[in-house]
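First the structure, in the form of structure tokens, and then the observations on it.
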Amino acid sequence: MFNCKDSIDSLLPFLEGEMSPEEEEHLRVHLNGCPPCVEFVRTYRATSGLCRKALVKSMPPEVAGRLRAFLRAKLETK
Amino acid sequence: MTDVTVQDDRELLARAQAGDMSAFEALVARHEDKVYGLALRMTRSEADAAEITQDTFLSAYQHLAEFRGEAAFGSWVHRIAANNALMRLRRQKVLDIVSDDLAGPEFTDRGSLAEPPESDWSRRADDQLLDEELGRAIQVATDALPKGYREVFLLKDVEGLSYEEISEMVGISVPAVKSRLHRARLALREAIDAFYKEV
């Protein structure tokens, strides 16, 4: 029988489908009776997507200009 | 990346391999944001990110003839950029903090969650626009991750590299990559939860 800690410790293999059927059954039984862990699983899954959005970076135009000038100078000498 | 983009890349790549500089420049223009973004996220230095981007595309050009196109051009330059960024971080010998400093959920003696999540904010991930304050909180939390954990999290969850690629690049086993990824996700989840507690 899993408790909250066992469930959270096994989230990554669970989400990647790498748990044994027996362990997965233990986890499902726990989740069925533990709403806080269900919310935890949902928010754990959502974390990567939110981080991806937050960490998007575009190249500033002046850096892009310097990159093109650098590559032209390097490649023309080849 | 869409199939159309990959197809366009293949055409540009074939022309670049035949010596068409403008085709190579078009490939650079298509992928420079992603490469620069990866380098900036990894190094947190605009100067380093600009240099890594230059080195990455120069290296890609120098090895164009060897690129057979089994993978997409974008994935290939992404891996070159990740390797360049990791090498630069290794040279800088940034001190790593022990993983005990990582935040995560707390449990009672019986292994129950000591504090249930603030609310189910998972649906916010589907919103097109991210709250600016939340974006800053995530940036701060990512920057605060110990280096070895930040690298793995960025390479897997943001850049989309495989466990095997990360294992090879970082020099740790696949189970160790997964362990670090899980701890990093827990710490970032905690930071986002704390953000929603405050608003």
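Order-wise, the sequence lines are chains A and B.
So the number in this note's numbering is just where the residue sits in the first sequence, counting from 1, plus 16.
So the number in this note's numbering is just where the residue sits in the second sequence, counting from 1, plus 62.
Every residue gets a Cβ at the ideal spot worked out from N, C-alpha and C, and that includes glycine.
**Prompt:** Can you tell which of B:Gly233, B:Ser229, B:Thr118, B:Leu175 has its C-alpha closest to the C-alpha of Cys50 of chain A?
**Reply:** Measuring from the Cα of Cys50 of chain A, the nearest candidate turns out to be B:Leu175.
**Item:** Cβ shell of Val88 of chain B (< 7 Å), same chain only, five flanking positions each side left out
**Value:** One detail in the question is off: residue 88 of chain B reads as Ala in this sequence, not Val. Sequence-distant partners of Ala88 of chain B (beyond 5 residues in either direction) whose C-beta falls short of 7 Å from its own C-beta, in its chain, are Leu74.
**Message:** Using a Cβ-based criterion (distance less than 8 Å to any ligand heavy atom), does Leu120 of chain B qualify as near the ligand ATP?
**Reply:** The ligand ATP is absent from the structure shown, which contains no ligand whatsoever.
**Request:** Check the Cβ of Gly65 of chain A against every Cβ in chain B and list those closer than 7 Å, keeping chain order.
**Result:** Ala187
**Message:** I'd like to know if Asp219 of chain B contacts chain A, where contact means its C-beta is closer than 9 Å to some C-beta of that chain.
**Reply:** yes
**Message:** Counting only C-beta atoms, is Glu55 of chain A closer than 9 Å to chain B at any point?
**Reply:** Taking CB atoms only, Glu55 of chain A has a neighbour in chain B less than 9 Å away.
**Message:** Using a 10 Å radius around the Cβ and a threshold of 16 neighbouring Cβ atoms, would you call Val90 of chain B buried or exposed?
**Reply:** With 16 or more Cβ atoms within 10 Å of its Cβ, Val90 of chain B is classed as buried.
**Message:** Counting only Cβ pairs nearer than 9 Å, list the residues of chain E close to Val79 of chain A.
**Reply:** Protein chains A and B are contained in the structure displayed, whereas chain E is not.
**Own chain partners of Ala144 of chain B with C-beta closer than 7 Å, once the 5 adjacent residues on each side are dropped** = Leu100, Leu217, Glu221, Leu223, Met231
**Message:** Considering only the alpha carbon of each residue, which of B:Asp255, B:Ala256, B:Val236, B:Asp205 lies closest to Leu28 of chain A?
**Reply:** B:Val236
**Message:** According to DSSP, is Leu164 of chain B part of a helix, a strand, or is it coil?
**Reply:** Leu164 of chain B falls in the coil class under three-state DSSP.
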